[in-house]
Amino acid sequence: MISQYVEGDHKNWDEHLPALQFAYNTAVNDATGYTPAYLNHGRELATPHADEKTTTATEPSEIRRRVEEAYELTRIHLARAFQRQEKYYNLRRRPWRPKIGEWVWKRDHQLSRKVDDFTAKLAPKFTGPLEVRRVISPVIVDLRSKNGKWYKHTHVQHLKPAREYKNNNDQDEDEDELPPPNPEPTAESDED
29 MISQYVEGDH
39 KNWDEHLPAL
49 QFAYNTAVND
59 ATGYTPAYLN
69 HGRELATPHA
79 DEKTTTATEP
89 SEIRRRVEEA
99 YELTRIHLAR
109 AFQRQEKYYN
119 LRRRPWRPKI
129 GEWVWKRDHQ
139 LSRKVDDFTA
149 KLAPKFTGPL
159 EVRRVISPVI
169 VDLRSKNGKW
179 YKHTHVQHLK
189 PAREYKNNND
199 QDEDEDELPP
209 PNPEPTAESD
219 ED
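Residue 74 in this note's numbering sits at position 46 of the sequence shown; the count goes up by one each step and never skips.
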């Protein structure tokens with residue numbers, strides 16, 4: 029709001045604070061359905077330079093009844109607003125939680141390096157598979173690679189389960205063998 033008032037002159041922004049405070053206190057809040065002034069004082073604020081009309085005095089019991097009614101409606105409106113926000117917040121939430129001993133892939137956040145001729149866009153997006161070694165909280169885990177490198181305090185948002193690799197031929201290979209982390213292309217010779 030302040031930026032709308034000051035526009036190009038940033039030296040006197042503090043002179044606009046009373047007008048900003050009045051605008052804030054008289055604006056109807058989307059979540060509560062009431063203005064902050066009404067919820068705090070039990071009445072709307074009088075605008076500056078308004079016509080001086082004679083107002084009838086309201087009984088304190090009537091003011092109290094209206095404010096209590098407004099508080100009750102505010103609770104209902106806030107509950108609806110919380111549910112609406114929760115829906116958007118949990119829109120992409122995954123119920124999956126890794127367990128100790130489970131194998132996962134970890135999102136790799138690499139930066140491009142011109143000196144090394146490395147382009148992050150062309151790099152693999154995930155590292156792994158990594159074993160979950162410790163669950164610190166429902167959303168934070170410690171991981172360890174097959175080489176013994178630790179990845180501490182990793183958020184589950186950056187993980188995805190490593191699917192089991194099923195081999196179709198019935199040889200002596202383990203059914204739960206995981207695919208290699210980044211399969212390297214084999215150099216095939218063109219000599220025949």
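For glycine and all other residues, C-beta sits at the position ideal for the given N, C-alpha and C. The model shown is predicted, which means the values in this text are computed figures rather than measured ones.
| query | result |
| --- | --- |
| Ignore the nearest five residues each way along the sequence and tell me which others in R172's own chain have a CB closer than 6 angstroms to its CB. | E159, R161, W178 |
| With DSSP run on the structure shown, which of helix, strand or coil describes P152? | coil |
| Nearest by alpha-carbon distance to G176: which of W41, S140, G156, H137 is it? | G156 |
| Starting from V95, trace the beta strand (DSSP E) in both directions and tell me its first and last residue. | Looking at the DSSP string, V95 is not in any beta strand (DSSP E); the run it does join, the alpha helix (DSSP H), is 88-117. |
| What first and last residue would you give for the alpha helix (DSSP H) that runs through H69? | 64-69 |
| To the nearest angstrom, how far is the alpha carbon of N197 from that of P189? | For N197, the predicted structure reports a pLDDT of 40, less than 50, and the residue's modelled location is therefore unreliable. A value from the coordinates is still provided. In a straight line, the C-alpha of N197 is about 24 angstroms away from that of P189. |
| Looking at C-alpha atoms only, which residue of P46, A47, I30 is the closest neighbour of K229? | Since the first residue of the chain shown is 29 and the last is 220, residue 229 is not available in this structure. |
| S165 to P126, Cα distance in whole Å? | 11 angstroms |
| Might you give, ordered along the chain, the residues of its own chain that have their beta carbon closer than 8 angstroms to the beta carbon of E72, omitting 5 neighbours on each side? | T54, T63, A65, Y66 |
| Taking Cβ to Cβ, would you say D170 is nearer than 8 angstroms to K153? | no |
| If you count every other CB in all the chains shown that lies within 10 Å of the CB of T147, and 16 or more means buried, which is it? | exposed |
| Would you kindly report the start and end of the unbroken beta strand (DSSP E) that includes L73? | From DSSP, L73 is part of no beta strand (DSSP E); its letter is neither H nor E. |
| Beta strand (DSSP E) containing T182: first to last residue? | 178-183 |
| Taking just the CA atoms, how far does E43 sit from N57? | 25 angstroms |
| Could you tell me the distance, in whole angstroms, from the CA atom of G61 to the CA atom of V95? | 13 angstroms |
| Is the Cβ-Cβ distance between H186 and K149 less than 8 angstroms? | no |
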